[in-house]
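Trainee: Sequential numbering from 76 applies to the sequence shown in this note's numbering. Dropping the structure in here first, questions after.
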Amino acid sequence: MAAQDKADPLATYNAKRDFDKTPEPSGKAQGSAGGDLFIVQKHDATRLHWDLRLELDGVLKSWAVTKGPSPDPDIKRLAVRTEDHPMSYALFEGTIPKGEYGGGTVMLWDRGKWAPIEGKSARDLDKGHLHFCLAGERMQGEWLLIRLKKKPGEKRENWLLRKLQDDHAEQGDALVERELTSVLTGRSMAEIAADRQGEYALAEKKHDVFLAQMQKAPERNAAKAEPRRKAAPLPQFVKPQLATLVDDVPTGNSWMYEIKFDGYRALIAAKGDKVRVHTRSGKDWTDKFEPLVEAIAALDLPASLIDGEIVASDAKGNPDFSTLQKVLKRGHGSQSRGDALSFHAFDLLSLDGEDLGSLPNIERKERLEALLATAEPPIHIADHVIGAGEKLYAAMCRAGQEGIIAKKIDAPYRHSRTKAWVKVKCTRRQEFVIAGWKASKAKGRPFASLLLAQHEGGQLVYKGNVGTGFTADELDGLAAKMKRLERKTAPLEVDKATARGVTWVTPKLVAEIAFTEFTAEGNVRHGSYLGLRSDKDAESVKPEKPASTPPATDQVRISSRDRVIFPDSGQTKGDLADYYAQIAPFMLPFVARRPVSLVRCPQGRGKKCFFQKHDSGSFGEAVHHVPILEKDGGAEDYLYVEDVRGILECVQMGTIEFHGWGSRSDDVEAPDRMVFDLDPDEGLDFSEVKQAARDIRARLSDIGLVSFAMLSGGKGVHVVVPLKTGHGWDAHKDFSRRFAEALSIAEPDRFTAAMSKAKRKRRIFIDWLRNQRGSTAVLPYSARARSGAPVAIPLSWDELENMKDAQSFSIDDAKRLIKHAGDKTLAGWGFADQRLPDI
Numbered sequence: 076m077a078a079q080d081k082a083d084p085l086a087t088y089n090a091k092r093d094f095d096k097t098p099e100p101s102g103k104a105q106g107s108a109g110g111d112l113f114i115v116q117k118h119d120a121t122r123l124h125w126d127l128r129l130e131l132d133g134v135l136k137s138w139a140v141t142k143g144p145s146p147d148p149d150i151k152r153l154a155v156r157t158e159d160h161p162m163s164y165a166l167f168e169g170t171i172p173k174g175e176y177g178g179g180t181v182m183l184w185d186r187g188k189w190a191p192i193e194g195k196s197a198r199d200l201d202k203g204h205l206h207f208c209l210a211g212e213r214m215q216g217e218w219l220l221i222r223l224k225k226k227p228g229e230k231r232e233n234w235l236l237r238k239l240q241d242d243h244a245e246q247g248d249a250l251v252e253r254e255l256t257s258v259l260t261g262r263s264m265a266e267i268a269a270d271r272q273g274e275y276a277l278a279e280k281k282h283d284v285f286l287a288q289m290q291k292a293p294e295r296n297a298a299k300a301e302p303r304r305k306a307a308p309l310p311q312f313v314k315p316q317l318a319t320l321v322d323d324v325p326t327g328n329s330w331m332y333e334i335k336f337d338g339y340r341a342l343i344a345a346k347g348d349k350v351r352v353h354t355r356s357g358k359d360w361t362d363k364f365e366p367l368v369e370a371i372a373a374l375d376l377p378a379s380l381i382d383g384e385i386v387a388s389d390a391k392g393n394p395d396f397s398t399l400q401k402v403l404k405r406g407h408g409s410q411s412r413g414d415a416l417s418f419h420a421f422d423l424l425s426l427d428g429e430d431l432g433s434l435p436n437i438e439r440k441e442r443l444e445a446l447l448a449t450a451e452p453p454i455h456i457a458d459h460v461i462g463a464g465e466k467l468y469a470a471m472c473r474a475g476q477e478g479i480i481a482k483k484i485d486a487p488y489r490h491s492r493t494k495a496w497v498k499v500k501c502t503r504r505q506e507f508v509i510a511g512w513k514a515s516k517a518k519g520r521p522f523a524s525l526l527l528a529q530h531e532g533g534q535l536v537y538k539g540n541v542g543t544g545f546t547a548d549e550l551d552g553l554a555a556k557m558k559r560l561e562r563k564t565a566p567l568e569v570d571k572a573t574a575r576g577v578t579w580v581t582p583k584l585v586a587e588i589a590f591t592e593f594t595a596e597g598n599v600r601h602g603s604y605l606g607l608r609s610d611k612d613a614e615s616v617k618p619e620k621p622a623s624t625p626p627a628t629d630q631v632r633i634s635s636r637d638r639v640i641f642p643d644s645g646q647t648k649g650d651l652a653d654y655y656a657q658i659a660p661f662m663l664p665f666v667a668r669r670p671v672s673l674v675r676c677p678q679g680r681g682k683k684c685f686f687q688k689h690d691s692g693s694f695g696e697a698v699h700h701v702p703i704l705e706k707d708g709g710a711e712d713y714l715y716v717e718d719v720r721g722i723l724e725c726v727q728m729g730t731i732e733f734h735g736w737g738s739r740s741d742d743v744e745a746p747d748r749m750v751f752d753l754d755p756d757e758g759l760d761f762s763e764v765k766q767a768a769r770d771i772r773a774r775l776s777d778i779g780l781v782s783f784a785m786l787s788g789g790k791g792v793h794v795v796v797p798l799k800t801g802h803g804w805d806a807h808k809d810f811s812r813r814f815a816e817a818l819s820i821a822e823p824d825r826f827t828a829a830m831s832k833a834k835r836k837r838r839i840f841i842d843w844l845r846n847q848r849g850s851t852a853v854l855p856y857s858a859r860a861r862s863g864a865p866v867a868i869p870l871s872w873d874e875l876e877n878m879k880d881a882q883s884f885s886i887d888d889a890k891r892l893i894k895h896a897g898d899k900t901l902a903g904w905g906f907a908d909q910r911l912p913d914i
């Protein structure tokens, strides 16, 4: 490169061009308002290259980068130093005529701000190296320019451009391969080449607007232009999921366990003061549960469909079906809170018009806990445990309860009977149809026993008799009901001995019976009447035969389990896999169905690690892909998982970290999660980060937003703001940027919204850049590829106060973290019924 003229740094630039022939601008040294502009121009000249230009001393210092900048730290690009360019060149996009210097098409490929990293200076260029940060639309993070020693006779000045490892690094040449259009006009190289006149003025006008936006925030919130989703109507009844009877408790952390309540299954549709109670067969029983309806209406819920069980408690406080029947018998007019009716919610099927059925069980439960966070008795959220099903079952049986329900933590909601929900009963209980009765010889007793039946193979089949368990009131009530259903012929086939002395009834009444076992003939042994089930249709009563107990977990073979992947602390690949297998139930609500970028370190964190977000076909069947449109109109397959197996298949392929989009794979254009990553300067104490997080929480609260705290497992704290969908990425990004900038303007000595490390001295960088389309943030419970194998951990705000640093937990703490995750203070963590505000 010819030496620059210090008196006129643009002399070489001007001497090389005939401005009567080329549309390129001439100009004088004149800096921008910020003095820190960078651009990249894609230049199809004699050879295709990308021109990197950094503003310094009122001009654009320039390098021609062959093959384009790569985000892969292992790829070094030759960057040939060229003459300084005027600042007005930052506006240029068009075609340089052939025969002129640099003849060919020029596209404005990227733009943004740059700064040397802390402790370095732009003057390091004169020493032959520059370590700097970029905050562009495409190039971000830390980069390095190094000047090569000249060979004898070599005239040009050769440098190397290299990306440094950080959250913005990724494998291969993804940047130049997928970014094929202008950041200024949205055109391709061909479109620019085809339009040789007229576009320069437009580009100049648009770029002036851009430069103005670099200096100040827009006057209005882009979110106001976003259409709001209409309020959802009161949800309609849907067929509920039913559990399969099994003999043994399934084991392992892939199951969540709940008490099996001894009551009536109910699906409750609510919206404000409108509440409807449906039985599992779809009957509207709203008027039967007036106290509960009033309690739910008082919560003023958004449109919701909640699955649960209505129970009444006996004198000891235990759920009791007989007590429930007595309450219902008195009728709603005489019910009161003294009747101890309660509703135990255990699932959330829809919320504000969004069908939640495809979400994992555990995530639906988390959303339910967030929705009913302020509920008080008689409305309850059914407790659950993970990994201790046999202990819960034993405790329930000792207490005389019915049993437990086990649910696969990663299973969607199915409107049928499945093995993803199984029930294990302490005593055998089933529903039977009453087919007739036998007279009693005892004075005052209207009948001695009931004949029971169930539907099998399209026919009603005799299942024995029951003659105990009736109270005096139940005997009289049942006799009256059966009197109205009497018939002369038997509704089923029985032998003569069984039919002798029977009064037959039309099989419409359903009774729940407890018994010890079925005899060899298929009849109940030692049966005891529990009550009528008016919420169930007689036609649906079939035998419940215990199915085989589902496997404890879906196993994924982890190879090279003894390979040490954290060399300084000694944890192996097997240790990491075991951690994820145990913590997956708590991680799934945040990682499932969310496009992810993986930090893969196949040989351990001490060696080559890289980001991967596209599907290369090397993962297992449980690692799925979703096509996402790119700016060039094409689509790339991004990775996502749905269950424990998917997480472990990623770990098998060397994954340590999981980073997620702010939206779900089923609607990537609808962000639902905003993250403010508080990244402190090296000299700051962690107490200052904690205080900053609390202050941000308070400011968010002032504008009506609930937020949550998470240790990043790195240096700082994430403040997580869950949002309902209904706005786009532009509004999402704009809001987060303006929020961060407002804080930095209000307290410039504490905060900065600028990415440059040089501007972070004694400050905390509020990283809002993770809230733009395609950007990711580390997910809760993800391990980090850092010394000691730390993990990112959700916390209550009170707990944050006691944390000494952001790496207080590691993969060695799985048992401790499981106990911590089940704490009531974390119920509903990361979920809230709130929208992006119009401010």
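All C-beta atoms in this analysis are idealised placements derived from N, C-alpha and C, irrespective of residue type, glycine included. Since the model is a prediction, treat every value here as computed from it, not as a measurement.
1. Using the beta-carbon count (16 or more within 10 Å), is Gln-311 buried or exposed?
2. Under a Cβ-count criterion, where at least 16 other Cβ atoms within 10 Å of its own Cβ denotes burial, should Asp-754 be classed as buried or exposed?
3. List the whole-angstrom C-beta distance separating Lys-836 from Asp-756, where the pair is believed to meet the contact cut-off of C-beta under 8 Å.
4. Would you list the one or two residues that DSSP bridges to Asp-742?
5. What does the Cβ neighbour count give for Gln-116, buried or exposed, with the cut at 16 atoms within 10 Å?
6. DSSP three-state label for Arg-812, please.
7. Assuming Glu-816 contacts Ala-806 (C-beta within less than 8 Å), just tell me the rounded distance between them.
8. Where do the N-terminal and C-terminal ends of the beta strand (DSSP E) with Ala-667 fall, by residue?
9. Kindly list the residues whose CB is nearer than 7 Å to the CB of Lys-96, restricted to its own chain and excluding five residues on each side of it in sequence; keep chain order.
10. Taking 8 Å as the threshold (C-beta atoms), are Leu-447 and Ile-456 in contact?
11. For Asp-111, count neighbouring Cβ atoms within 10 angstroms of its own Cβ and tell me buried if that reaches 16, exposed if not.
12. Using a threshold of 7 Å, is the CB atom of Gly-576 nearer than that to any non-hydrogen atom of the ligand SAH?
13. Helix, strand or coil for Ala-104 per DSSP?
14. Per DSSP, what kind of secondary structure is Asp-199 in: helix, strand or coil?
15. Which whole-angstrom value is the C-beta distance of Leu-535 and Leu-567, which I expect to be below 8 Å?
16. For a test of the three-state rule: what should DSSP assign to Ala-126, helix, strand or coil?
17. Could you spell out the range, first to last residue, of the beta strand (DSSP E) harbouring Trp-330?
18. Rounded to whole angstroms, how far is the Cβ of His-689 from the Cβ of Leu-854, which I believe are closer than 8 Å?
19. Who are the Cβ neighbours of Asn-598 in its own chain at under 7 Å, not counting the five residues just before and after it?
20. Out of curiosity, what's the CA-to-CA distance linking Arg-158 and Lys-136?
21. Express the C-alpha separation of Asp-741 and Leu-584 in angstroms, rounding to a whole number.
22. Mapping DSSP to helix, strand and coil, what is Val-352?
23. Taking all protein chains shown into account, do 16 or more other C-beta atoms lie within 10 angstroms of the C-beta of Leu-223, making it buried, or fewer, making it exposed?
24. Among Gln-505, Ser-885 and Glu-193, which one has its Cα closest to the Cα of Thr-591?
25. Considering just the uninterrupted stretch of the alpha helix (DSSP H) at Lys-617, what are its terminal residues?
26. Quick one: what does DSSP say Val-324 is sitting in, helix, strand or coil?
27. Is Met-728 closer than 8 Å to Arg-675 when the C-beta atoms are compared?
28. Answer with yes or no whether the minimum CB distance from Ser-819 to chain D is below 8 Å.
29. Going by other Cβ atoms of all chains shown within 10 Å of its Cβ, with 16 needed for buried, is Pro-869 buried or exposed?
30. Taking the continuous alpha helix (DSSP H) assigned at Cys-684, which residues delimit it?
31. Report the option in Gln-476, Asp-824 and Trp-184 whose CA atom is closest to the CA atom of Val-499.
32. Sorted by chain position, which residues of the same chain lie with C-beta nearer than 8 Å to Leu-123's C-beta, five sequence neighbours on each side aside?
33. Can you check DSSP and say which residues form a bridge with Ser-603?
34. Output yes or no for whether 8 Å exceeds the beta carbon distance between Gly-645 and Arg-636.
35. Compare the Cα-Cα distances from Asn-393 to each of Gly-478, Asp-427 and Ala-341 and report the closest residue.
36. What is the rounded straight-line gap between the Cα of Glu-705 and the Cα of Pro-144?
Mentor: From the atom records:
1. exposed
2. buried
3. The pair is a contact, with the Cβ atoms about 6 Å apart (cut-off 8 Å).
4. Arg-739
5. buried
6. helix
7. Actually they do not touch by this definition, with Cβ atoms about 16 Å apart.
8. Per DSSP, Ala-667 belongs to no beta strand (DSSP E) and is neither H nor E.
9. Pro-172 and Glu-175
10. yes
11. That one is buried.
12. For the structure depicted, the ligand SAH is absent and the ligand set is empty, with no information on it obtainable.
13. coil
14. In the structure shown, Asp-199 sits in a helix (DSSP, three-state: H, G or I).
15. For Leu-535 against Leu-567, the beta-carbon gap comes to about 4 Å, under 8 Å, which counts as contact.
16. Rather than Ala, the amino acid found at residue 126 in this sequence is Asp. The answer is strand: DSSP assigns Asp-126 an E or B state.
17. 330-334
18. Their Cβ separation, rounded to whole angstroms, is 18 Å, which puts His-689 and Leu-854 out of contact at 8 Å.
19. Lys-538 and Gly-539
20. A small correction: the amino acid at residue 158 is Glu; Arg does not occupy that position in the sequence shown. About 7 Å.
21. 45 Å
22. strand
23. exposed
24. Gln-505
25. Neither: Lys-617 is in no alpha helix (DSSP H) and is coded neither H nor E.
26. coil
27. yes
28. Absent from the structure is chain D; it holds one protein chain and no more.
29. buried
30. Run containing Cys-684: none; DSSP gives neither H nor E here.
31. Answer by Cα proximity: Gln-476.
32. Here Leu-123 has Lys-117 as same chain residues with Cβ atoms under 8 Å from its own Cβ, once five neighbours each way along the sequence are excluded.
33. Ala-589
34. no
35. Gly-478
36. 19 Å
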